[in-house]
Amino acid sequence: MNRNRRGFFAKILQQKHNDRNIAMLPYAENIEIFEQNCIKCETKDCVSMCDENIIFLDKNGIPLIDLNKSGCTFCDKCLLSCNKDFLDSNLKSIFADIVLDTNSCLSHNQTMCFSCKDICTANAIKFNGLFNPTIEESICTKCGFCIKVCPVASIEIRSKW
Ligand code: SF4
Ligand code: SF4
Ligand code: SF4
């Protein structure tokens, strides 16, 4: 890829998607891999294959995921529909950070709530007794399922573009 072009894609994404919980497709190791390989193809098969209906095309035709709607099950369907081979099925994760806001979290404010823990199949959310959850970054896949179930929107995925 042309040197001047490198970083262009990432810049567009950064400018256009400061929205909460918008991220890259799963299985992409980093933004550079995605930038250099996704050809924004005609078929858009990755979008239609997703049973969770979380993949959308932004106005530049770039496929992204919206974790406000649901989470990623890592079902591999988007990966298998892609006719390029840059997505790595061994990477069952989304290239992003996850943040739990302790100011708004009910459990950090003496109200019992286990909604995020209950839905987390990776068991990445650890409670200190009955309260004060934290997310274990090394276990969390950034699947996003805990976002929608939180009654006070305390969990956020921040993509690393
Ligand atoms: S792995 Fe499956 S659930 Fe996740 S974004 Fe791809 S098609 Fe959707
Ligand atoms: S994003 Fe992380 S903490 Fe939330 S449900 Fe998925 S694995 Fe668990
Ligand atoms: S679901 Fe939200 S409010 Fe409840 S414990 Fe988890 S982060 Fe806190």
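For what it's worth, our numbering labels the leading residue of the sequence shown as 1, then goes sequentially. Where a beta carbon is used, it is the ideal one built from N, C-alpha and C, also for glycine. Just so we're clear, the structure is a prediction, and the values are computed from it rather than from any experiment.
Asked: Helix, strand or coil: which one does DSSP assign to V99?; Found: strand
Asked: Which residue's Cα is closest to the Cα of D97: E35, Q36, I147?; Found: I147
Asked: Starting from N132, trace the beta strand (DSSP E) in both directions and tell me its first and last residue.; Found: 131-135
Asked: Along the chain, where does the beta strand (DSSP E) containing I155 start, and where does it finish?; Found: 155-159
Asked: Determine the closest residue to S89 out of M112, I155, Y27, with distance taken between C-alpha atoms.; Found: Y27
Asked: Please report the distance separating the alpha-carbon of D118 from that of C140.; Found: 14 Å
Asked: With a CB to CB cut of under 7 Å and the five nearest residues on each side skipped, what residues in its chain are close to A124?; Found: I135, E136, I139, C140
Asked: Less than 8 Å between the C-beta atoms of F86 and I33, yes or no?; Found: yes
Asked: Where does D19 fall in DSSP's three states?; Found: coil
Asked: Suppose the cutoff is 6 Å on Cβ atoms and the five residues either side in sequence are ignored; what does the same chain contact list for K77 look like?; Found: M49
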